[in-house]
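Residue numbers in the sequence shown follow our numbering, run continuously in steps of one, and reach 841 at the last position. These notes are about the structure you will find just below.
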Amino acid sequence: MSRFWSSVVHSLVPYVPGEQPKVDNLVKLNTNENPYPPSPQVIAAIQAASNADLRLYPDPDAQILKTTLADYYHVNFNQVFVGNSSDEVLAHVFQALLKQEEPLLFPDITYSFYPVYCGLYGIDYRAIPLRADFSLDIDAYRVPLGAIIFPNPNAPTGRYLPLVEIEALLKRYSDRLLVVDEAYIDFGGESAVTLVNRYDNLLVVQTLSKSRSLAGLRVGFAIGHADLIAGLERVKNSFNSYPLDRLAIAGAVAAFQDQDYFLQTRSMVMAERARLVTALEAMGFEVIPSMANFVFVQHVRYAADQLAAALRNYQVIVRHFKQPRIDNYLRISVGSAEQNDALLAAMHTILVNEGV
Ligand SMILES: *Cc1c(COP(=O)(O)O)cnc(C)c1O
Numbered sequence: 486m487s488r489f490w491s492s493v494v495h496s497l498v499p500y501v502p503g504e505q506p507k508v509d510n511l512v513k514l515n516t517n518e519n520p521y522p523p524s525p526q527v528i529a530a531i532q533a534a535s536n537a538d539l540r541l542y543p544d545p546d547a548q549i550l551k552t553t554l555a556d557y558y559h560v561n562f563n564q565v566f567v568g569n570s571s572d573e574v575l576a577h578v579f580q581a582l583l584k585q586e587e588p589l590l591f592p593d594i595t596y597s598f599y600p601v602y603c604g605l606y607g608i609d610y611r612a613i614p615l616r617a618d619f620s621l622d623i624d625a626y627r628v629p630l631g632a633i634i635f636p637n638p639n640a641p642t643g644r645y646l647p648l649v650e651i652e653a654l655l656k657r658y659s660d661r662l663l664v665v666d667e668a669y670i671d672f673g674g675e676s677a678v679t680l681v682n683r684y685d686n687l688l689v690v691q692t693l694s695k696s697r698s699l700a701g702l703r704v705g706f707a708i709g710h711a712d713l714i715a716g717l718e719r720v721k722n723s724f725n726s727y728p729l730d731r732l733a734i735a736g737a738v739a740a741f742q743d744q745d746y747f748l749q750t751r752s753m754v755m756a757e758r759a760r761l762v763t764a765l766e767a768m769g770f771e772v773i774p775s776m777a778n779f780v781f782v783q784h785v786r787y788a789a790d791q792l793a794a795a796l797r798n799y800q801v802i803v804r805h806f807k808q809p810r811i812d813n814y815l816r817i818s819v820g821s822a823e824q825n826d827a828l829l830a831a832m833h834t835i836l837v838n839e840g841v
């Protein structure tokens with residue numbers, strides 16, 4: 486604390502990211518990173534961009550990346566916004582679009598950055614309970630609302646809301662913005678991007694951190710009606726003209742050009758997810774149906790915090806949230822086959838020895 490802190494700084498309750506341990510040889514299944522490396526074409530593009538031009542500012546508009554994304558998602562250039570991670574894109578979305586007369590609505594169990602942005606930008610919000618099975622009940626949103634945001638699939642549950650329900654919300658609240666945070670959409674869901682040309686009240690946010698194996702590069706984007714994007718550009722250009730550096734732009738473009746690699750790695754993640762679900766269920770876990778690159782599980786007998794602590798003794802790190810309704814669940818990222826084997830072996834030993 487300092488006497489120089491503004492009152493806003495005093496009131497902030499910052500987001501706590503998953504641990505990034507400094508030691509090697511850990512089976513790190515706590516932050517939903519992709520277990521596979523980025524495409525070799527991404528590495529090559531970043532290496533090629535590591536040249537004397539780094540003395541120059543990057544393109545403030547990241548035009549080549551926006552064009553790549555517009556082509557990939559079959560939208561116009563002016564319907565694409567890019568930023569330094571989807572967290573940054575989301576921050577601009579909250580400031581530019583989600584502060585309205587009536588409260589912003591999001592699920593009671595969801596990405597814990599949302600209430601943090603509300604605190605930062607002074608946005609009134611209301612948490613709408615998920616059903617007991619953690620599915621999202623669109624009828625629970627029949628309350629006064631300024632806007633809605635949720636991830637699809639949701640985090641940390643992994644549950645997916647079918648597009649027809651998203652479309653029902655868009656029709657019902659045609660003068661309210663719906664933001665769909667699709668950080669995990671590539672692992673089996675259907676993107677709402679296909680709806681943006683029919684609904685001007687829809688904004689879709691995505692990231693290259695999960696399905697493109699680029700959490701370290703920090704690239705995110707949003708797609709929606711050109712007027713929504715123009716609002717985001719106003720905030721971005723009042724904050725940082727150059728959010729994406731030259732290496733990030735080059736790597737991100739290459740990631741969308743190597744479709745084969747993307748399809749191959751995501752199907753490996755999905756196949757490993759299926760294997761993990763079967764094995765965990767056989768060990769007495771209840772597994773929430775997941776369309777993401779993680780599973781959300783609770784054991785019929787053992788407490789989640791004790792299991793997480795026991796796994797740590799085997800160098801396996803998973804995520805536990807000390808939060809009402811979900812404090813007996815573990816969120817386990819889908820790792821490589823070897824990582825998942827290590828997790829399952831450690832879990833088996835713990836459960837057999839009742840070593841919790
Ligand atoms: C991981 C995640 C993000 C953040 O992605 P970055 O682009 O790495 O900032 C946003 N929303 C949800 C729901 C996430 O799980």
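We put the beta carbon where it would ideally sit given N, CA and C, even for glycine. As the structure is a prediction and not an experimental result, all values here were calculated from the model.
Using 7 angstroms as the threshold, is the C-beta distance between residue i and residue j below it?
i              : j                 : result
methionine 755 : proline 638       : no
leucine 680    : leucine 688       : no
alanine 677    : valine 690        : no
arginine 816   : phenylalanine 770 : no
alanine 576    : tyrosine 602      : yes
alanine 735    : isoleucine 531    : yes
valine 803     : alanine 793       : yes
valine 704     : alanine 581       : no
leucine 630    : arginine 661      : yes
Hey, how far is the Cα of residue i from the Cα of residue j?
i                 : j                 : result
leucine 836       : phenylalanine 591 : 36 angstroms
phenylalanine 711 : glutamine 800     : Note on residue identity: the sequence assigns alanine, not phenylalanine, to residue 711. C-alpha separation (whole angstroms): 47 angstroms.
glutamate 586     : alanine 668       : 28 angstroms
methionine 753    : aspartate 538     : 37 angstroms
alanine 700       : leucine 693       : 7 angstroms
glutamate 675     : serine 496        : 38 angstroms
arginine 810      : threonine 763     : 24 angstroms
glutamate 504     : phenylalanine 741 : 29 angstroms
For residue i, name the three-state secondary structure that DSSP assigns.
i                 : result
leucine 836       : helix
phenylalanine 562 : helix
phenylalanine 724 : coil
proline 545       : coil
aspartate 538     : helix
lysine 551        : helix
lysine 807        : coil
tyrosine 626      : helix
phenylalanine 579 : helix
aspartate 509     : coil
proline 592       : strand
tyrosine 658      : coil
Please find out if some non-hydrogen atom of ligand 1 comes closer than 6 angstroms to the beta-carbon of residue i.
i             : result
aspartate 666 : yes
alanine 737   : no
glycine 674   : no
glycine 820   : no
proline 636   : yes
tyrosine 596  : yes
aspartate 544 : no
serine 659    : no
serine 723    : no
glycine 705   : yes
What span of residues does the beta strand (DSSP E) with residue i cover, start to end?
i             : result
threonine 482 : Outside the displayed span of the chain (486 to 841) sits residue 482, for which this structure offers no information.
glutamine 783 : 779-784
proline 636   : 632-636
serine 818    : 815-818
Span of the alpha helix (DSSP H) holding residue i?
i              : result
isoleucine 734 : 731-742
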